[in-house]
Amino acid sequence: MSLLITGATLLDQNGRRGGALRIEDGAITEVGENLESIDGDDLIDASGLVVSPGFVDLHTHLREPGREEAETIETGSRAAALGGYTAVVAMPNTDPTQDCVSVVEFVRRQGQAAGLCDVHPSASITVGRAGTQLTPFAELAAAGVKLFTDDGNGVQDPLLMRRAFEYALGLDVTMAQHCEVERLTGGAVMHEGDCCSHLGLPGWPSLAEELMVHRDIELVRLTGAPAHFLHLSTSRSVELVRMAKADGLPVTAEATPHHISLTDELLRSYSAIYKVNPPLRTMDDVEAVREGLLDGTIDALATDHAPHVSESKEQPLDQAPPGMLGLETALGVAIAHLDTDLATVVGALSWKPAAIAGIGDAHGRPIEAGEPANLTVFDPTEEWEVVPARLASKSRNTPYVGVPLRGKVKHTILNGVPTVKDGVAQK
Amino acid sequence: MSRSLLSIEELGTAGVQRILDLADTMAEVNRRPNPKVPALRGKTVCSVFFEDSTRTRLSFETAAKRLSADTMTFAVSQSSLNKGESLRDTIETIAAMGVDAFVIRHKSTGAPWLVDGWTNAAVINAGDGWHSHPTQGLLDTYTVRTALNRPDGFDGLRVAIVGDIKHSRVARSTTAAFTALGADVTWVAPRTLLPPVVHEHVENDIDAVLDRDGGVDVLYMLRMQQERMNEALVPNLREYTARFGLTPERAARLAPHTLVMHPGPMNRGVEVAVDPAELPGALITQQVTNGIAVRMAVLFDLLSAESPEQSLTEGPTT
Amino acid sequence: MADKRVLTPDDVRRATTRMAHEIIERNQGLDGVVLIGIQTGGVWLADALGSEIARIGESIHVGSIDASLYRDDIGLRPVSPAAVSDVGGDVDGATIVLVDDVLFTGRTVRAALDALGDYGRPKAVQLAVLVDRGHRELPIRPDYVGKNLPTSGDETVTVTVDGVVIS
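Chains as they are written, first to last, in this note's numbering: chain A, 6 to 432; chain B, 3 to 320; chain C, 231 to 397.
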């Protein structure tokens with residue numbers, strides 16, 4: 006039995022064209038302008054819709070194991086599928102930490118059991134993300150880990166980070182850094198600027214991010230090992246990465262949907278829904294991050310999907326944990342807030358993160374016969390608003406209530422099988 | 003829905019004037035042999051202090067009692083918060099006992115706004131984090147207004163607030179209140195004790211304001227906390243006093259019209275190194291006295307508001 | 231409802247003069263007598279009575295009292311004090327003549343009596359009003375009345391030096 010998609014606009018790294026495609030046994034078997042339906046074909050009429058390679062999220066907190074009240078690998082995978090994702094990189098700040106093969110394997114197996122998207126576990130750089138002892142990179146790489154990060158924290162010790170880069174050489178893995186010099190952000194609740202001055206809250210200065218971006222760029226220059234910068238949020242960080250790329254250094258970077266759409270002014274509501282790390286910054290920073298995405302300095306849009314139960318987000322700003330949901334709204338935010346062509350948006354959501362995640366053989370592939378059928382079908386013009394109660398995520402901490410979004414995922418196809426059809430998760 | 007007092011900014015200039023006018027009436031009540039009126043009989047005011055402040059709590063509770071309201075105190079140290087109950091559950095539980103106003107002190111910026119969203123009772127912010135302490139701003143401006151007999155505003159009045167502005171909700175609310183009434187406020191502090199972004203006029207030492215032509219009309223000294231030394235914000239208290247303290251030498255140079263204020267409790271020998279009783283312009287005890295009248299005004303302003311379900315506006319008024 | 235002028239400025243002046251004479255006559259010598267106007271409508275009338283008494287050749291202390299904080303309708307309608315009370319001297323042992331423009335339900339006078347009690351223990355309290363419009367809801371009666379004016383409960387009586395108007 007095959008699946009036939011007709012009347013679509015096909016959009017991939019090779020451009021944009023009208024067409025149809027047939028999927029059989031998990032792969033694209035035929036692409037053409039018009040394909041005839043055969044008896045028994047499943048049909049998707051994609052008139053007015055765009056078919057693109059499936060989205061890949063470099064930065065998803067699935068919370069399992071350890072915080073299953075906020076999210077599980079199953080609920081997070083469902084949210085991912087509804088957001089158009091066929092693969093996500095699971096962040097390692099679980100409990101226990103993804104710092105050894107057994108936990109990494111557990112996460113991978115739970116992802117396979119859910120069967121809603123490919124779950125690729127990352128692993129921590131240091132044991133327990135404590136910043137003192139390296140995890141067994143080679144053993145974890147052999148278990149399929151491509152990205153290493155202590156996300157939630159940056160690796161503070163410059164010597165340890167130098168060793169991490171050096172030891173990673175030859176293992177085909179990438180160090181992904183959460184850039185935050187913690188001595189400069191102690192107790193910080195929000196961006197250090199006008200708004201935090203008024204609210205009397207300890208500030209998270211842009212400098213704390215930029216110093217570590219700069220440190221790691223220089224370590225990359227020294228060691229030759231690649232680095233990926235997580236959730237860049239400041240204008241100067243973008244500029245530093247731009248210069249590093251101009252120097253030909255092997256660095257990549259991501260930014261989140263919230264850092265291209267929201268500013269620190271929202272904290273004047275005193276609602277911890279807007280508390281996130283790194284914090285929402287100024288409009289100047291938002292514009293610089295958008296510009297970075299448009300000119301390719303920032304490779305990928307990554308959600309930093311961070312579910313938290315309502316009780317914890319109802320606490321005062323300084324006590325609530327940082328983080329916001331992102332998987333189900335990323336496309337709608339990206340199209341609404343990036344003034345660019347659709348190929349740039351989809352590239353940042355699909356083939357570019359697929360390459361950084363080291364899964365470019367299965368995801369983010371061109372739409373051609375013989376390629377794996379991991380695809381997203383979306384309406385690029387539909388305007389919609391998020392309804393928290395209808396989210397598939399177990400948590401409700403979306404900052405986009407009442408914010409107009411543009412672009413909605415209709416179908417998601419994982420290994421040839423729809424995980425989402427007509428906006429509805431298939432399991 | 004009751005009204006609440008959360009910040010000077012939300013109260014606005016007209017609101018500040020209204021409260022200060024009302025405070026005149028309350029101050030007259032306090033001067034009587036029996037300083038108590040039946041205005042808020044049957045109303046219940048609950049003070050919920052998540053941070054210790056005996057003087058502010060006593061001031062509010064005295065104010066409530068002089069208006070004949072019933073008072074309850076929720077002492078956090080003995081409370082279920084130690085058993086993991088959330089702020090929201092705590093507030094909703096107390097509210098269910100029948101409370102007309104909450105007086106909230108909390109170490110977290112914004113906590114009173116959250117509480118206001120969870121209850122129909124009036125909420126009075128008695129200090130949140132480093133953010134806001136509106137009744138302090140009101141009592142400070144009321145104290146200057148009565149001392150100078152300037153009920154119509156402070157156009158041209160020169161106020162200098164000296165010390166740890168960054169960590170001070172008093173500085174923020176008092177600045178907002180003086181500014182709302184037309185005064186010019188200068189902040190006097192080293193850069194380490196200022197917020198990251200400053201819109202006010204700033205001086206780097208106290209002599210710069212004392213030596214200005216005409217001096218300064220109000221010299222407002224903030225409390226300097228010992229723990230700031232540990233954060234490398236100032237090198238030591240001796241240097242702080244030398245650069246920012248009201249020393250005997252500076253006290254002798256004060257213009258005769260300069261009023262000296264302090265929110266208390268005072269660190270004698272640090273920010274104020276003279277006996278305030280010997281300063282002719284000191285208003286420090288008046289601030290404490292006026293705190294009660296101002297808080298009575300705030301309580302009456304919020305709790306005398308019409309409740310829609312009982313409105314008698316159709317009926318006779320005399 | 232059309233406005234109806236029931237007292238002219240001259241009527242008000244004559245009534246005030248008559249009440250001043252009555253106050254002097256009833257309180258021989260005015261020793262220890264204080265006129266206290268109830269905020270807001272009674273204040274100008276107390277001043278007018280004080281001036282009238284002075285014109286007659288006697289002297290009297292005049293004060294004012296704001297009874298807002300003693301009202302029984304706080305929370306039922308907007309109530310806000312109009313001015314700081316100044317009872318004009320020692321209340322203990324004094325004879326107080328409370329002054330108001332219109333006597334209606336009696337609730338304002340009740341509030342003023344309570345307020346007065348918090349300043350001391352007067353020897354006696356009397357009540358002077360320019361207009362008594364009836365409809366009492368409390369056992370209160372005036373000692374000096376400018377004009378008895380039958381009204382219906384839903385009418386409004388406005389009193390100024392320019393006269394009395396029913397609307």
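Glycine included, C-beta positions come from ideal geometry on N, C-alpha and C.
Does the beta carbon of residue i sit closer than 8 angstroms to a beta carbon anywhere in chain C?
i: Pro35/B; result: yes
i: Thr27/B; result: yes
i: Glu323/B; result: Missing from the structure shown is residue 323/B; chain B here goes from 3 to 320 and no further.
i: Ile233/B; result: The question names Ile, but residue 233/B in the sequence shown is Glu. By this cut-off, Glu233/B is not an interface position.
i: Ala41/B; result: yes
i: Pro318/B; result: Unreliable positioning characterises Pro318/B in this predicted model, as indicated by a pLDDT of 46, which lies under 50. A coordinate reading is not provided.
i: Glu30/B; result: yes
Quick one: list the residues of chain D neighbouring residue i, beta-carbon separation under 9 angstroms, in chain order.
i: Asp289/A; result: No chain D is part of this structure, whose protein chains are labelled A, B and C.
Applying the criterion that 16 or more other CB atoms from any shown protein chain within 10 Å of the CB defines a buried residue, is residue i buried or exposed?
i: Val248/A; result: Residue identity differs from the one stated: residue 248/A is Met in this sequence, not Val. It counts as exposed.
i: Leu227/A; result: exposed
i: Val125/B; result: buried
i: Glu171/A; result: exposed
i: Val350/A; result: buried
Can you tell me where the alpha helix (DSSP H) with residue i in it begins and where it stops?
i: Ile290/C; result: Run containing Ile290/C: none; DSSP gives neither H nor E here.
i: Val187/B; result: Val187/B -> not in any alpha helix (DSSP H); beta strand (DSSP E) instead, spanning Asp186 to Val190.
i: Pro358/A; result: Trp356 to Ile361
i: Phe246/B; result: Leu239 to Phe246
i: Leu237/C; result: That residue, Leu237/C, is in no alpha helix (DSSP H); its beta strand (DSSP E) goes Lys234 to Leu237.
i: Tyr90/A; result: Premise fails: Tyr90/A lies in the beta strand (DSSP E), Tyr90 to Ala95, not in any alpha helix (DSSP H).
i: Trp115/B; result: Ala113 to Trp120
i: Pro163/A; result: Pro163 to Ala173
To the nearest angstrom, report how far apart residue i and residue j are at their CA atoms.
i: Ala86/A; j: Asn39/A; result: 28 angstroms
i: Arg243/C; j: Glu385/C; result: 24 angstroms
i: Leu237/C; j: Val389/C; result: 9 angstroms
i: Lys38/B; j: Ala253/B; result: 39 angstroms
i: Asp373/C; j: Ile253/C; result: 9 angstroms
i: Gly45/A; j: Ser7/A; result: 8 angstroms
i: Arg363/C; j: Gly336/C; result: 11 angstroms
i: Thr46/B; j: Ala71/B; result: 6 angstroms
i: Gly208/A; j: Val94/A; result: 30 angstroms
i: Glu376/A; j: Gly31/A; result: 9 angstroms
i: Leu271/A; j: Asp156/A; result: 24 angstroms
i: Asp429/C; j: Ile304/C; result: Outside the displayed range of chain C (231 to 397) lies residue 429/C, so it cannot be described from this structure.
i: Val190/B; j: Leu248/B; result: 12 angstroms
i: Gly283/B; j: Pro283/A; result: 48 angstroms
i: Ala278/C; j: Thr246/C; result: 7 angstroms
i: Asp384/A; j: Cys122/A; result: 20 angstroms
i: Leu139/A; j: Arg59/B; result: 52 angstroms
i: Ser294/C; j: Ile268/C; result: 6 angstroms
Is there a Cβ of chain B sitting closer than 8 angstroms to that of residue i, yes or no?
i: Pro321/A; result: yes
i: Gln324/A; result: yes
i: Tyr275/A; result: yes
i: Val463/C; result: In the structure as shown, chain C begins at 231 and stops at 397. Residue 463/C is therefore absent and cannot be evaluated.
i: Asp296/C; result: yes
i: Ser202/A; result: yes
i: Leu189/A; result: no
Would you kindly report the start and end of the unbroken beta strand (DSSP E) that includes residue i?
i: Asp331/C; result: Thr325 to Leu333
i: Tyr374/C; result: Tyr374 to Asn378
i: Asp290/A; result: Segment Met288 to Asp300 is the alpha helix (DSSP H) holding Asp290/A; no beta strand (DSSP E) there.
i: Ser57/A; result: Val55 to Pro58
Tell me whether residue i, by its Cβ, gets closer than 7 angstroms to a heavy atom of the ligand SAM.
i: Val124/A; result: No copy of the ligand SAM occurs in the structure displayed, which carries no ligand at all.
For residue i and chain A, any beta-carbon pair shorter than 8 angstroms?
i: Arg132/B; result: The question names Arg, but residue 132/B is Trp in the sequence shown. Cβ-Cβ to chain A under 8 angstroms: yes for Trp132/B.
i: Trp115/B; result: yes
i: Gly112/B; result: yes
i: Arg171/B; result: yes
Legend entry - Within the region 103-153 of chain A, ranges of the beta strand (DSSP E) (whole runs, at least 3 residues): The qualifying runs are 123-126.
Inset, instruction - Any chance you could list the beta strand (DSSP E) runs of at least 3 consecutive residues sitting entirely within the region 253-319 of chain B, in chain order? - result: 261-263
Inset, instruction - Tell me the start and end of each unbroken alpha helix (DSSP H) in the region 306-371 of chain A that is at least 4 residues and wholly inside, in chain order. - result: 315-318, 335-342, 347-354 and 356-361, all fully within the region 306-371 of chain A.
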